[in-house]
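See below for the structure under consideration.
Numbering (my numbering), first residue to last: 765 to 1188.
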C-alpha cells in the first residue's frame, strides 16, 4: 500500500513539476512574497479611483472585473497576514485582466518598513486587502510606512479593495478584534463599551468612508446587532454622523469615483446601510438602548450614493430598535426562505388513523402555532423568538405535549423529527 501511495505521489510531483507556478520568495524580513505575471510591463489602461467592499465568502467575478478595469488592468498587490498565493492565482488565471499579481504575506511588523514592499505599493495599480484576522493588520501596519503607502495609493486616485478582515479596517473606525476573538451581536449589545468591542481609528483614509463603520459576513453571522453596537460606541465617542455598511457573504459593493456604489453577488444577499438616529447614552457594563435605527438594503438593481447615503430601489427597509440590549423590529427580507421549529407532540400518529374531526383539530392547532411564529418573523423578531412563540401555543394545546419535534419550512415540508423538550 505504501509503495502504491509513493508511486501516486511521484506521478503527482512530476506533473506539478511540469506546470508553471508563481515565483515565491521568503526571507527573515517578516514576510513571504509571491508573484505571477510580468511586473515590468506597462499598465495597459488608465487607473481610476474605486472601492471594492467585499463581504467574504465566494468572489463575484463581475466585481473583480470592475476592480481590474479601475486598475487599468495593470498590477495588483495583495496584502495579507495569513494564507498563501491562491488568490493571486485565481485573479490572474481564472478571472483574467491583470498584468501581474504580487502577494505579500506579513508575519512581523518590521516588514512594514521594508523598502521592497514600499516600492511594490508605490508601483501598484490596485491594492487588495485579503481576509484573515484584522488584528494582525492593525498590529503590523498601523503607524508604519505601509499604512502611509496604502493611504497615498488611494490619495493618488487608485483603487483599493478588501474582503472580510480586509474590509473591516477600511472604514473611518474599524472593529479591530484586538482581544483575540470575534465579538457576537449578543455580547456587543449587552455592553457596547465592553472589552470585547475593540474599535480602532486613525488608520486608513478612504474616500466616502470618513463616517462609516463596515462589517462583513453580515447575514450569515447575524451581525446587524453588533454593527449597531459598534456605531453606538463610535457615536458616543465623538462622531454623531457615524453610519454602518454591512456586506453579505459572496457580495461586493463597488464604489466609483463619484461615490456611487453598485452591488454584485456570486449568490444572493445585500449591502446593508445602517443609520442610527441620535447619540446614545452609554454606561459601562450596561446593555444598549437605541430607540431608532433605520436599515436599508441594496440589491443588484439599485444604487447607493455615499455622498448622501441614499439608496435607490431598496430591496426592503425599516426602523429597528434596541431595548435593554435586545434587537427588535428588524425589517424582514421578503425574499428570504425561512424554517420554523415546532413541538409536535409525543408518539406517532399514523396517516389515516384520525377521524376527520380530530385531524381538523390537530391541523388547527398546528396552524395557530405556525401563525404565531410567522407573526414574530414578520415583525422583525429573531428566529429564536419565533420558535418560542410557536412552542408556547402548542404547549397550551392539550393535543400536544413534550416529546417529538419537527421543522417545517415555508412550503410546509417536515424536515426533522427530534426530541427538543423535556416536558418540565
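Where is the CB? At the ideal position from N, CA and C, for every residue including glycine.
* Contiguous alpha helix (DSSP H) assignments of at least 4 residues, all confined to the region 894 to 936 -> The qualifying runs are 898 to 905, 909 to 919, 929 to 932.
* To do: Could you tell me which residues DSSP puts in a beta bridge with residue 1007?
  => Bridge pairing for residue 1007: 976 [DSSP].
* Integer-rounded CB distance, given that residue 834 should sit under 8 Å from residue 814 -> Confirmed, Cβ separation roughly 4 Å.
* Can the beta-carbon of residue 953 be found closer than 8 Å to that of residue 930? -> No, the pair does not count as a contact, with Cβ atoms beyond the cut-off.
* Helix, strand or coil at residue 823 according to DSSP, with G and I counted as helix -> Per DSSP, reduced to three states, the secondary structure at residue 823 is coil, with no helix or strand assignment.
* What span of residues does the alpha helix (DSSP H) with residue 887 cover, start to end? -> Taken as a continuous stretch (DSSP letters only), the alpha helix (DSSP H) holding residue 887 covers 879 to 887.
* Just mark residue 955 as buried or exposed, buried being the case when its beta carbon has 16 or more other beta carbons within 10 Å. => Counting C-beta atoms within 10 angstroms of its own C-beta, residue 955 has 16 or more neighbours from the protein chains shown and is therefore classed as buried.
* Express the C-alpha separation of residue 1008 and residue 1083 in angstroms, rounding to a whole number. => In this structure, the alpha-carbon of residue 1083 lies about 14 Å from that of residue 1008.
* Asked: In chain order, what residues of the same chain have a beta carbon less than 7 Å from the beta carbon of residue 1004, not counting five sequence neighbours either side?
  -> The residues are 1043.
* Got a sec, what are the start and stop residues for the alpha helix (DSSP H) residue 1149 sits in? -> Residue 1149 -> alpha helix (DSSP H) spans 1147 to 1159.
* Output the residue ranges of the alpha helix (DSSP H) runs that lie fully inside the region 1019 to 1098 and measure 4 residues or longer, sorted by chain position. => Runs of the alpha helix (DSSP H) inside the region 1019 to 1098: none found.
* To do: From the DSSP output, in three-state form, read off residue 999 for me.
  => Here residue 999 sits in helix by DSSP.
* For residue 923, does the count of other Cβ atoms within 10 angstroms reach 16, so buried, or fall short, so exposed? -> That one is buried.
* Asked: Under three-state DSSP, which class holds residue 981?
  -> Coil, per DSSP.
* How should residue 1074 be labelled, buried or exposed, when 16 other C-beta atoms within 10 angstroms of its C-beta is the threshold for buried? -> When all chains shown are included, residue 1074 counts as exposed.
* Taking DSSP as the reference, what is the three-state secondary structure of residue 728? -> In this structure the chain extends from 765 to 1188, so residue 728 is not present and cannot be described.
* Asked: Any idea what DSSP makes of residue 1121, helix, strand or coil?
  -> Note: residue 1121 maps to helix in three-state DSSP.
* Measure the C-alpha to C-alpha separation of residue 1050 and residue 940 and round it to an integer number of angstroms. => Cα to Cα, residue 1050 sits roughly 22 Å from residue 940.
* Test item: CB-CB of residue 862 and residue 832 under 8 Å -> The answer is yes: Cβ separation under 8 Å.
* Buried or exposed: which applies to residue 1139, given that a residue is buried once 16 or more other Cβ atoms fall within 10 Å of its Cβ? -> So residue 1139 ends up on the exposed side.
* To do: Pick out whichever of 1157, 1092, 795 has its Cα sitting closest to the Cα of residue 949.
  => Closest by alpha carbon: 1092.
* **7 Å CB neighbourhood of residue 1098 in its chain, flanking five on each side removed** => Cβ neighbours of residue 1098 beyond the five flanking positions: 1080.
* To do: Tell me where the alpha helix (DSSP H) around residue 840 begins and ends.
  => No alpha helix (DSSP H) holds residue 840; the beta strand (DSSP E) holding it covers 839 to 844.
* By Cβ distance below 7 Å, which residues in the same chain neighbour residue 825 in space, the five residues on each side in sequence not counted? -> Excluding residues within five positions, the ones whose Cβ falls inside 7 Å are 859.
* Asked: Helix or strand or just coil, what does DSSP make of residue 1140?
  -> Residue state, collapsed to three classes: helix.
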